[in-house]
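Report on the structure given below.
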Amino acid sequence: MSRTRARVPAPDQACAEAVELARAAAEELARPGEPGEHLGFESEGDRIVTHYFACLDRAYRGWRWAVTVTRASRAKKVTVSEAVLLPGSGALLAPEWLPWSERLRPGDLGVGDLLPAAEDDDRLAPGFTEVDDDADHQALFEYGLGRARVLSAIGRDRAARRWHSGEHGPHTPIAHAAPAQCSTCGFYWLLAGGLRQMFGVCTNEYTPDDGKVVSADHGCGAHSEAAVLPPPVEQAIPILDDLGYDLMEEEPGAVVGFDEEPGSAEEPGSVDASGSEELGHS
Numbered sequence: 001m002s003r004t005r006a007r008v009p010a011p012d013q014a015c016a017e018a019v020e021l022a023r024a025a026a027e028e029l030a031r032p033g034e035p036g037e038h039l040g041f042e043s044e045g046d047r048i049v050t051h052y053f054a055c056l057d058r059a060y061r062g063w064r065w066a067v068t069v070t071r072a073s074r075a076k077k078v079t080v081s082e083a084v085l086l087p088g089s090g091a092l093l094a095p096e097w098l099p100w101s102e103r104l105r106p107g108d109l110g111v112g113d114l115l116p117a118a119e120d121d122d123r124l125a126p127g128f129t130e131v132d133d134d135a136d137h138q139a140l141f142e143y144g145l146g147r148a149r150v151l152s153a154i155g156r157d158r159a160a161r162r163w164h165s166g167e168h169g170p171h172t173p174i175a176h177a178a179p180a181q182c183s184t185c186g187f188y189w190l191l192a193g194g195l196r197q198m199f200g201v202c203t204n205e206y207t208p209d210d211g212k213v214v215s216a217d218h219g220c221g222a223h224s225e226a227a228v229l230p231p232p233v234e235q236a237i238p239i240l241d242d243l244g245y246d247l248m249e250e251e252p253g254a255v256v257g258f259d260e261e262p263g264s265a266e267e268p269g270s271v272d273a274s275g276s277e278e279l280g281h282s
C-alpha cells in the first residue's frame, strides 16, 4: 500500500520573480533598512508564492519577513496578498498565554489584592447557612454551619499533602536532627477537625515554626523534653616521676644478704644469716 503524497504545485514564474515587489511591501511595514537579504521563496498554491526576507531588527532576532504575492488567472500583473513577520528557527517567542488564575503561585497575594474563588472550585463544598438564633454558634461553626462554603475532602487532602511534604513536614534537615517528634512536644497545639490527627500549630517562640502548621512527625531542637547532657569527663593520664626517689626506713632485725641455694656449703668467712649473734664493732 503506497502512502498518499500531497501535491506541491510548481511555483509560478511571474510570482517567483517578484522579489522587489515583495521587498517593497516589507519595507512599508518595517523601518527602513530592516528587511535584509532575500532568504528564498515557497509555493503556497497555484500562482501563489511567499518570499522570505531576513529581519535586521535587534529586537526580533531569528524572525523573518514573509510576503505573499499572487496573480489572477491569465493576468500578468503580480500583486501583494499579505505581509507578516514570522518567527524562524531560534526565534525568541513569548510564553504560552495562561489566564491569571493559573499563573498565580503561593505567596503572590499582596496587600489590597483580591483573589476570589471560582464557583466550581473543587477545594470547597457547599455549607449550611440556616442557623437558629438559640443554637450554639461555636459548635455549629465547627461543622460549617453559617458559612456558604466549607473545605471539601479534596481541598483537605491537597492541603495535607502540601503541608506534609513542605518545610514543616518530616522530610527536612531540622526534623531529621530533632531529638523527638512534635507529637510528643508540649508546645504542639492540635488542630480541630479531621486534620488534628496529622497536624498542629507550634507555639514555641524560639523556633522557626512558631505560629505555623507543623506535622505531627516534624521536629526541631527546641522540643519541650529535650535535655542537655553533661559534658563527658576525660580520664586523667597518670603522671610517673622517674627522676626522683624516696628514702625507705629499714625494719628492726632486718639483715641484708644473699639468698643461698639449698644444699650449698658455707664458705670460710661467710656470715650465718640464721644465727642470733648480733654483729657490731669491737
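Residue numbering for the sequence shown follows the numbering used here, starting at 1 and increasing by one per position.
Note that beta-carbon positions come from the ideal geometry of N, C-alpha and C, so glycine has one too.
Values in this document were obtained by computation on a predicted structure and should not be read as measured data.
Cα-Cα separation, Glu-205 to Trp-189: Distance between the alpha carbons of Glu-205 and Trp-189 is about 13 Å.
Beta-carbon proximity check, Leu-191 vs Leu-151, cutoff 8 Å: no
Buried versus exposed, by CB contacts within 10 Å (16 or more), His-168: buried
Residue burial classification, Tyr-245 (beta-carbon count within 10 angstroms, cutoff 16): exposed
For Leu-195, the three-state DSSP class (helix, strand or coil): helix
Element boundaries [beta strand (DSSP E), containing Leu-86]: 79-87
Span separating the alpha-carbon of Pro-179 from that of Thr-207: 14 Å
For Leu-21, the first and last residue of its enclosing alpha helix (DSSP H): 19-29
Member of Leu-195, Glu-37, Lys-212 whose CA lies at the smallest distance from the CA of Phe-187: Lys-212
Assigned exposure category for Ser-184 - 16 Cβ within 10 Å defines buried: Position check: residue 184 holds Thr in this sequence, whereas Ser was assumed. Around the beta carbon of Thr-184, fewer than 16 other beta carbons lie within 10 angstroms, which makes this residue exposed.
Cβ neighbours of Gly-40 in the same chain (closer than 7 Å, five flanking residues each side left out): Tyr-52
Cβ-based neighbour list, Ala-175, same chain, cut-off 6 Å, excluding 5 preceding and 5 following: Within its own chain, the residues whose Cβ lies closer than 6 Å to the Cβ of Ala-175, once the five positions on either side in sequence are excluded, are His-218, Gly-219, listed in chain order.
Euclidean distance between Cα positions of Thr-79 and Val-69: 6 Å
Three-way DSSP call (helix, strand, coil) for Thr-184 in this model: helix
Enclosing alpha helix (DSSP H) for Arg-58 [first to last residue]: Note, Arg-58: premise wrong, no alpha helix (DSSP H); not H, not E.
Endpoints, alpha helix (DSSP H) assigned at Ala-160: 153-165
Asp-12, buried or exposed, once every other Cβ within 10 Å from all chains shown has been counted against 16: buried
For Ala-18, the nearest candidate out of Ile-48, Glu-34, Pro-35, Leu-93 (CA to CA): Ile-48
Whether Ala-222 touches Gln-181 by CB criterion (8 Å): no
Reduced DSSP category for Trp-65 - H, G, I as helix; E, B as strand; rest coil: strand
Three-way DSSP call (helix, strand, coil) for Ser-43 in this model: strand
DSSP-derived helix/strand/coil call for Ile-237: coil
Best match in Glu-234, Ala-16, Asp-120 for proximity to Gly-45 [C-alpha to C-alpha]: Ala-16
Rounded straight-line distance, which links the Cα of His-171 to that of Ser-165: 7 Å
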